[in-house]
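Written out below as structure tokens is the structure these notes cover.
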Amino acid sequence: MTEYEFSLVYQLDPNDGDHDAIVERFGEAGLTDFLIGIGRQGYLGLDLARAGKSAHAVLRGAMADAARMLPGAQLVEVGPDFAGLTDIADRVGVSRQNMRKLMLANTHFPVPVHGGSASIWHAAEVLAWLQSHAGYDIAERDLATAKAAWQENAAIEQRRMKRAGCHTHT
Numbered sequence: 012m013t014e015y016e017f018s019l020v021y022q023l024d025p026n027d028g029d030h031d032a033i034v035e036r037f038g039e040a041g042l043t044d045f046l047i048g049i050g051r052q053g054y055l056g057l058d059l060a061r062a063g064k065s066a067h068a069v070l071r072g073a074m075a076d077a078a079r080m081l082p083g084a085q086l087v088e089v090g091p092d093f094a095g096l097t098d099i100a101d102r103v104g105v106s107r108q109n110m111r112k113l114m115l116a117n118t119h120f121p122v123p124v125h126g127g128s129a130s131i132w133h134a135a136e137v138l139a140w141l142q143s144h145a146g147y148d149i150a151e152r153d154l155a156t157a158k159a160a161w162q163e164n165a166a167i168e169q170r171r172m173k174r175a176g177c178h179t180h181t
């Protein structure tokens with residue numbers, strides 16, 4: 012089995028804001044592979060490294076475990092998905108400057124999700140491009156993890172669009 016690493020960000024139910032109680036629930040359930048982070052008020056971050064048959068299976072299991080421990084919480088984001096050049100450079104072991112040169116020199120470099128002074132890409136898309144177009148040795152585990160996170164974030168976005176009354180046409 013392969014170990015996969017994910018981060019999950021949840022918006023907590025307003026009636027479930029006692030972080031100490033949340034930590035206790037995870038511990039009592041034996042979910043000690045979650046690293047619980049408290050940042051912005053009303054949100055909770057979970058980092059985990061877990062072995063499994065596939066990245067998707069690990070992510071689905073982690074999300075199911077988190078849903079049991081965080082009733083009423085809403086999953087906001089799954090990582091690793093959204094990444095800047097520095098994040099991607101760190102993952103592949105090169106400098107940010109090297110990654111920027113690759114981006115500028117290649118017209119087929121993936122299009123960012125958000126462009127601007129701080130552009131953001133889907134990590135899976137850039138990792139796959141680096142593997143197929145630039146000859147980088149990208150670990151299958153890293154690519155699978157980023158793809159699973161991207162797919163879940165797309166599903167989260169679809170649910171948000173539906174709640175907002177935005178309907179897609181097929």
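All you need for our numbering is the position in the sequence shown, starting with 1, plus 11. Don't be surprised by glycine CBs; every beta carbon is placed ideally from N, CA and C. As the structure is a prediction and not an experimental result, all values here were calculated from the model.
Buried or exposed for residue i, please, with buried defined as at least 16 other CB atoms from any protein chain shown within 10 angstroms of its CB.
i    : result
A157 : buried
A75  : exposed
V122 : exposed
R102 : buried
N109 : exposed
P25  : exposed
L59  : buried
M80  : buried
E163 : buried
E136 : buried
A40  : exposed
A129 : exposed
So the beta strand (DSSP E) residue i belongs to, where does it begin and stop?
i   : result
L19 : T13 to Q22
What span of residues does the alpha helix (DSSP H) with residue i cover, start to end?
i    : result
T156 : E151 to R174
S143 : A134 to H144
H30  : H30 to E39
Throw me the rounded Cβ distance for the residue i and residue j pair, which I believe falls under 8 Å.
i    : j    : result
I47  : F37  : 6 Å
L138 : D148 : Not really, about 11 Å apart at Cβ, beyond 8 Å.
F120 : A73  : F120 to A73, Cβ: 31 Å. No contact.
Y15  : G63  : 6 Å
Once the 5 residues before and after residue i are set aside, which same chain residues still bring their CB inside 8 Å of it?
i    : result
V87  : V20, Y21, Q22, Y54 and I167
Q142 : D148, I149 and L154
H133 : D92, F93, A94, P121, V124, A157 and W161
For residue i, collect the residues of the same chain with a Cβ closer than 7 Å to its Cβ; drop the 5 residues on either side in sequence, then sort them by chain order.
i   : result
H30 : I49
Could I get the ranges of all uninterrupted alpha helix (DSSP H) runs contained in the stretch 47-128, with 4 residues as the minimum, in chain order? You should have 66-80, 96-103 and 107-116.
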